[in-house]
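The block underneath contains the structure these notes are about, expressed in structure tokens.
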Amino acid sequence: MKALSAKLVLFMAAGLAVVGYQTSASAQAAYGSYIGVGPAFGLTEGSQEDENRQVAGVVAARYKFLRSPISARAQAFIGDGLTLVPTVSYDYPLNWQTDVYLGAGASIPIGGSTVLGNKTSFALQPGIDYTLPNSNLVVFGNAVISFGGYRSGGAATSLQGGVGLRF
């Protein structure tokens with residue numbers, strides 16, 4: 003009995019040593035690139051007659067560089083006009099399914115007044131991606147601030163969200 007107790011104590015000590023030696027796990031950026039769709043809402047309007055607040059559809063894409071916290075993103079806003087917003091983002095993982103990010107790029111309107119104004123300008127894109135557990139679906143939401151997005155002056159801002167499919 004004494005030999006069994008000594009073996010049990012030795013086994014438990016070895017187990018504690020292995021557990022104590024392991025490094026702690028840290029959250030990684032949510033894996034996977036995606037393409038998704040959803041609604042977009044213009045939050046601002048310019049001072050000219052054709053610079054009204056608008057609603058549009060958004061097609062959003064993310065290409066995740068797996069070994070880096072950097073992603074290439076692009077959004078196309080489709081409404082009365084078309085706006086393309088390519089950005090490069092820094093992704094910060096909150097947990098295994100969720101990233102918050104800040105992207106920087108350009109807002110490029112094509113054809114008339116759009117959700118993000120009517121002038122090409124520098125854009126910032128703060129947002130969040132949430133990967134639904136046990137699926138290939140991503141729920142995304144972000145804002146785009148287009149600095150100097152209106153010809154009449156001022157920033158144009160939109161808020162959008164949707165669902166994407168990881169690939």
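The number in the working numbering is simply the position in the sequence shown, starting from 1, with 2 added.
Note that beta-carbon positions come from the ideal geometry of N, C-alpha and C, so glycine has one too.
Here residue 95 carries a strand assignment [DSSP, helix/strand/coil]. Taking one beta carbon from each stretch, the stretch 101-110 and the stretch 118-130 have 3 or more pairs nearer than 8 angstroms; the two touch. In the structure shown, the three-state DSSP call for residue 65 is strand.
Secondary structure of residue 70 (DSSP, three-state): coil. Shown here, residue 122 sits in coil according to DSSP, grouped into three states, outside any helix or strand. For the set 88, 149, 79, the Cα lying nearest the Cα of residue 43 is the one of 79. In the DSSP secondary-structure assignment, residue 157 is not bridged to any residue. With a cut-off of 8 angstroms on Cβ pairs, the stretch 113-120 is not in contact with the stretch 135-142, counting fewer than three such pairs. Residue 36: member of the beta strand (DSSP E) spanning 36-44, first to last residue.
Spatial neighbours of residue 61 in its own chain (CB-CB distance under 6 angstroms, excluding positions within 5 residues in sequence) are listed in chain order as 39, 78.
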